[in-house]
Amino acid sequence: MKRTQWFIGLIGLTAAVMILLQGQPWYLPVYAQDPAPATPDAVSEEAPAAEEVPEAAEEVPEAAGEASAPVAEEGATDESPEAATPATAAEEPPASPEATTSPAPSLALAEEGYQDPGQRFQVGLLADYTQTMLAGVPIFESPDRTLAYTVALRPRAADVNLNAGALSQVAIDTFRTGEGLQVGAFEPVTDGARLPWTGTLTMGRNTQPMQGVMLARQVPGRVLLLLIAATAEAADQVEAVYATLEPTLTAPDPA
137 MKRTQWFIGL IGLTAAVMIL LQGQPWYLPV YAQDPAPATP DAVSEEAPAA EEVPEAAEEV
197 PEAAGEASAP VAEEGATDES PEAATPATAA EEPPASPEAT TSPAPSLALA EEGYQDPGQR
257 FQVGLLADYT QTMLAGVPIF ESPDRTLAYT VALRPRAADV NLNAGALSQV AIDTFRTGEG
317 LQVGAFEPVT DGARLPWTGT LTMGRNTQPM QGVMLARQVP GRVLLLLIAA TAEAADQVEA
377 VYATLEPTLT APDPA
């Protein structure tokens with residue numbers, strides 16, 4: 137019961153922060169753009185190694201078999217086709233953000249999702265989850281109350297495109313007052329950014345570790361923020377919840 141109370145307290149604190157922020161439009165500060173990847177430079181430096189493969193291959197027959205080991209010790213390019221593999225791999229472009237995300241099973245959704253009364257956003261409702269409202273903020277909880285999610289929004293004073301880094305900063309600024317909040321590296325996703333996070337919640341003498349995922353998504357006129365929070369015992373469910381809800385967080389189509 138105490139664990140449940142801690143979790144309810146976390147959601148309550150989160151909702152209180154969102155209530156204070158939802159009506160406050162913000163102006164876009166100057167965020168540093170993502171640094172350009174160094175991969176192309178590294179490729180250009182390693183390219184000559186790949187070009188030397190034919191020469192190394194020609195020297196091997198003259199060594200009459202015994203010279204194979206010395207050639208490998210001297211760091212020369214191996215005569216086998218596999219020797220070109222590292223250089224070839226280096227020339228491949230980085231994997232797309234979608235490919236870096238580990239696939240997670242999708243969970244069942246209720247037939248009808250949640251739609252904000254003000255027509256500002258909509259999000260899926262996981263099957264068997266209960267929905268409550270705290271001062272106008274929707275909170276969706278699992279049956280055992282060890283995992284929950286909610287949606288906040290930030291009105292935008294300037295409707296300009298934000299990159300993943302800027303969207304991540306919006307999420308961090310919104311939830312930075314969370315106790316012991318530690319945010320991991322952001323990952324670009326469709327129209328937004330995903331950030332893993334950890335934190336703690338202290339209620340009296342008891343401290344409960346928490347973790348989850350934030351999703352910041354840009355829509356016309358605002359940024360939507362999906363917050364998923366779980367206790368340690370429900371940590372293995374976070375990815376499945378995120379994978380299910382991420383495509384459902386959208387702005388309703390204008391009438």
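The sequence shown lines up with residues 137 to 391 when you count with the numbering used here. Virtual Cβ for every residue (Gly too), placed ideally from N, Cα, C.
(request) With a cut-off of 8 Å on the beta carbons, I'd call Ala352 and Leu289 a contact; round off their distance for me. (result) Going by Cβ atoms, the distance from Ala352 to Leu289 rounds to 10 Å, so no, they are not a contact pair.
(message) In the DSSP assignment, the alpha helix (DSSP H) including Gln305 goes from what residue to what residue?
(response) Ala300 to Phe311
(request) Taking 8 Å as the cut-off, decide whether the C-beta atoms of Gly320 and Leu331 are in contact. (result) yes
(request) Work out the CA separation of Gly314 and Arg341 for me, nearest whole Å. (result) 18 Å
(message) Helix, strand or coil for Thr282? Go by DSSP, reduced to three states.
(response) Shown here, Thr282 sits in coil according to DSSP, grouped into three states, outside any helix or strand.
(message) Let me check one thing: in DSSP terms, what residues is Ala365 bridge-paired to?
(response) Ala284 and Gly348
(request) On the DSSP bridge assignment, give the partners of Leu331 in chain order. (result) Met350
(message) Taking the straight line between their C-alpha atoms, what separation do you get for Tyr378 and Asp252?
(response) 19 Å
(request) Have a look at Leu263 and Leu243 and give me their C-alpha separation to the nearest angstrom. (result) Checking the sequence shown, residue 263 turns out to be Ala, not Leu. The alpha-carbon atoms of Ala263 and Leu243 are separated by roughly 8 Å.
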